[in-house]
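*Asks:*
Numbering (my numbering), first residue to last: 797 to 1000.
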């Protein structure tokens, strides 16, 4: 888990043509604009201001790259679905998101963040189906888990895990809370696997 504290912002790009060389390993974070994506990135890296958070959903308008080391990067993709922004700008974000997911060879895993109270909306499902078709593993994080009491939280997790079976792919579902820090360890274990850190005692 401490490995992710090394994360540092290196650049923002409007599309993949402005990114650095397509090599190494990238893990991307995607989700609806109000899913708590920036907060989750800050929690996983134990940094308060790594990813910019805002009370106004949809502020992530660019592809933001955070470097862990010279071969490994976390990628914060533009939020989708909710933001109150002009349609032309929204289409531009969607194009950048789609291009990155379809063409970036260093992409090795996709974290899809969803509010635990509203999981698997249409755009979330579209994204996961695409990832499965591309052979990418997916970690579906049910964020804001602290908003529900224990019984309801467990019921939502069971519902989401059952729903995930329909994707017929490598889709793991976990609860997550940036406030209580629950789910951080479980998410880190999956990221370790994707970043090929499992057997590297010097990195872990």
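For each residue, glycine too, the CB sits at the ideal point set by N, CA and C. Treat the numbers as computed from the prediction; the structure is a model and nothing was measured.
Check each candidate in 857, 942, 912 and name the one with the smallest Cα separation from residue 885.
*Replies:* Checking every option, the nearest Cα to that of residue 885 belongs to 857.
*Asks:* When the Cα atoms are used, what is the spatial distance from residue 969 to residue 938?
*Replies:* So the alpha carbons of these two residues sit roughly 7 angstroms apart.
*Asks:* Quick one: does residue 979 have its CB under 8 angstroms from some CB of chain D?
*Replies:* Structure shown: chain D not included; a single protein chain is present.
*Asks:* So what's residue 804 in DSSP terms, helix, strand or just coil?
*Replies:* Strand, per DSSP.
*Asks:* Work out the CA separation of residue 805 and residue 863 for me, nearest whole Å.
*Replies:* Cα-Cα distance, rounded: 6 angstroms.
*Asks:* Would you mind working out which of 935, 981, 840 sits nearest residue 960, comparing C-alpha positions?
*Replies:* Ranking the options by Cα distance to residue 960, first place goes to 935.
*Asks:* With a Cβ-Cβ cutoff of 8 angstroms, do residue 828 and residue 920 count as a contact?
*Replies:* Against a cut-off of 8 angstroms, the Cβ pair of residue 920 and residue 828 comes out as a contact.
*Asks:* Note down, in chain order, each residue of its chain lying with its Cβ closer than 8 angstroms to the Cβ of residue 949, except the 5 sequence neighbours on either side.
*Replies:* Excluding residues within five positions, the ones whose Cβ falls inside 8 angstroms are 912, 941, 971.
*Asks:* If residue 822 and residue 869 are in contact, beta carbons under 8 angstroms, what's the gap, nearest whole angstrom?
*Replies:* Contact holds; Cβ gap of about 5 angstroms.
*Asks:* Three-state secondary structure (DSSP) at residue 982?
*Replies:* Residue 982 falls in the helix class under three-state DSSP.
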